[in-house]
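Student:
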Amino acid sequence: MVFTPDVEKELNEISNLVTHFGSRASEELVEDNISDVEIIVGQTSMPKERLDKAKKLKAIINVKCNWEPNIDYIEAHKKGIYVLSAAPAMAPAVAEACVGYAISLSRGTLQNYNKFLKSEEKYGIKGNGKAYSLFNSDVGFIGFGNLAKSLLPLLKPFNCNVSVYDPWLSKEYLESQGVHAVSLDILLSKNKFIFILAGVTSENEGFINKEKLKLIEKDSSIILVSRAEILDFEEFIMLAEQNNYRAAVDVFPEEPVPLNASFRKESNILFTSHVAGAMHFSYKNIREMMMDDIRQILKGMPPTRLQRAEPHQALLRRDR
150 MVFTPDVEKE
160 LNEISNLVTH
170 FGSRASEELV
180 EDNISDVEII
190 VGQTSMPKER
200 LDKAKKLKAI
210 INVKCNWEPN
220 IDYIEAHKKG
230 IYVLSAAPAM
240 APAVAEACVG
250 YAISLSRGTL
260 QNYNKFLKSE
270 EKYGIKGNGK
280 AYSLFNSDVG
290 FIGFGNLAKS
300 LLPLLKPFNC
310 NVSVYDPWLS
320 KEYLESQGVH
330 AVSLDILLSK
340 NKFIFILAGV
350 TSENEGFINK
360 EKLKLIEKDS
370 SIILVSRAEI
380 LDFEEFIMLA
390 EQNNYRAAVD
400 VFPEEPVPLN
410 ASFRKESNIL
420 FTSHVAGAMH
430 FSYKNIREMM
440 MDDIRQILKG
450 MPPTRLQRAE
460 PHQALLRRDR
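So the sequence shown is numbered by this note's numbering: it starts at 150 and just counts up by one.
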């Protein structure tokens with residue numbers, strides 16, 4: 150999806166290309182090339198000992214859009230090696246899906262569809278008794294990273310009042326972005342739409358627990374698209390099944406989801422199988438951003454398109 154013929158052709162023209170596919174590169178292959186390599190694209194383990202050998206290394210590019218735990222980010226930063234993620238390339242497609250999920254939940258699309266299949270549908274206002282609109286609504290973002298920054302402009306036509314909980318960012322910065330900084334408790338209890346957009350770290354894993362989930366306003370629409378591990382997933386599903394709130398879920402604690410998972414039987418929740426960002430459109434973005442930054446780096450210029458790792462934050466991440 151990323152290493153297409155046109156990408157391979159250009160890389161061969163501008164570099165001495167070494168490739169490996171199907172699994173992570175073997176230790177032997179890495180060690181044979183580490184002293185000469187300038188850019189690594191992949192999830193190769195890069196501890197300090199290996200970084201010390203990589204005298205010419207300028208950048209490590211992860212096209213999986215996460216921060217792998219097998220890199221010494223602080224040492225790479227000290228050595229002036231860019232560690233880059235393609236996460237910004239996926240964000241627009243995920244944001245687009247978020248709007249679709251939100252409208253589907255608030256308008257009861259899934260429920261109306263199921264009633265139609267059973268010949269139990271109602272027409273006009275009688276079929277819309279529990280529907281509500283995204284227009285002029287109170288919206289909460291948990292996390293204000295790539296996903297949130299792509300979603301925010303898509304909500305502008307709906308004139309939403311957007312509040313954000315993100316402990317990594319200052320109130321002043323968030324307000325400069327046109328959103329309100331609030332506590333997690335206020336965000337959960339005061340918004341009709343809640344988008345869970347934060348990545349999982351060693352500090353926030355499971356922080357949206359049973360007590361926090363019970364703060365959510367009755368019949369709100371909750372959209373989970375980042376990482377399932379940041380909440381008590383079983384409790385989240387149970388409360389949605391009990392109609393405490395409406396839920397759209399695109400990510401799971403275990404993927405693929407076990408075939409016998411009990412929640413597969415629930416028609417009350419809008420499930421998709423981690424597909425919000427995985428589109429040809431997104432992979433085209435990754436290729437363009439990756440190649441643009443590779444050209445920059447090989448010219449001795451800084452990368453401008455992909456996301457740079459902040460060492461201390463990257464070390465806390467619990468990505469898969």
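Beta carbons: idealized from backbone N, C-alpha and C, even for Gly.
Cys214 and Phe344: beta carbons closer than 7 Å?
Tutor: No, the Cβ-Cβ distance between Cys214 and Phe344 is not below 7 Å.
Student: Which same chain residues end up closer than 8 Å to Leu200 when comparing Cβ atoms and leaving out the 5 residues on each side of it in sequence?
Tutor: Here the set comprises Leu206, Asp221, Glu224, Ala225, Lys228 and Ile230.
Student: Looking at C-beta atoms only, is the number of pairs between the region 427-447 and the region 273-289 that lie closer than 8 Å three or more?
Tutor: Contact between the region 427-447 and the region 273-289 is absent, because fewer than three Cβ pairs lie under 8 Å.
Student: Give the range of the alpha helix (DSSP H) segment to which Gly249 is assigned.
Tutor: Its alpha helix (DSSP H) spans residues Ala236 to Arg256.
Student: Could you please give me the residues that DSSP links to Ile418 through a beta bridge?
Tutor: None; Ile418 has no bridge partner.
Student: Can you tell me where the alpha helix (DSSP H) holding Asn182 begins and where it ends?
Tutor: Where Asn182 is concerned, the enclosing alpha helix (DSSP H) stretches over Glu176 to Asn182.
Student: Between which two residues does the beta strand (DSSP E) harbouring Val398 extend?
Tutor: First-last of the beta strand (DSSP E) with Val398: Arg395 to Val398.
Student: Can you tell me the Cα-Cα spacing of Gln326 and Gly348, whole angstroms?
Tutor: In a straight line, the C-alpha of Gln326 is about 20 Å away from that of Gly348.
Student: Can you check DSSP and say which residues form a bridge with Met195?
Tutor: Ile220, per the DSSP bridge assignment.
Student: How about Val156 and Val243: do their beta carbons lie closer than 7 Å?
Tutor: No, they are not a contact pair.
Student: By the DSSP assignment, the beta strand (DSSP E) with Asn161 in it spans what residues?
Tutor: Not the beta strand (DSSP E): Asn161 falls in the alpha helix (DSSP H), residues Pro154 to Ile163.
Student: Gly171 to Ser282, Cα distance in whole Å?
Tutor: Each residue's alpha carbon lies about 46 Å from the other.
Student: Can you give me the start and stop residues for the beta strand (DSSP E) that Tyr314 sits inside?
Tutor: Asn310 to Tyr314 is the extent of the beta strand (DSSP E) around Tyr314.
Student: Grab me the residues of Leu388's own chain with a C-beta within less than 6 Å of its C-beta, minus the 5 sequence neighbours each way, in chain order.
Tutor: Result list for Leu388: Leu362, in chain order.
Student: With a cut-off of 8 Å, do at least 3 Cβ pairs link the region 251-270 to the region 389-403?
Tutor: Yes, they touch.
Student: Leaving out five residues before and five after Glu459 in sequence, what residues of the same chain have Cβ atoms less than 7 Å from its Cβ?
Tutor: Nothing listed; no residue qualifies.
Student: Here's the rule I'm using: 16 or more other beta-carbon atoms within 10 Å means buried, otherwise exposed. How should Thr350 be labelled?
Tutor: Per the 10 Å Cβ criterion, buried.
Student: Ile446 lies in the beta strand (DSSP E); which residues open and close that run?
Tutor: Per DSSP, Ile446 belongs to no beta strand (DSSP E); it is in the alpha helix (DSSP H), His429 to Leu447.
Student: Taking its Cβ as the centre, do 16 or more other Cβ atoms sit within 10 Å of Gly289, making it buried, or is it exposed?
Tutor: By the neighbour-count rule (16 or more Cβ atoms within 10 Å), Gly289 is buried.
Student: Over what stretch of residues does the alpha helix (DSSP H) that includes Ser375 continue unbroken?
Tutor: Element bounds for Ser375: n/a, residue is neither H nor E.
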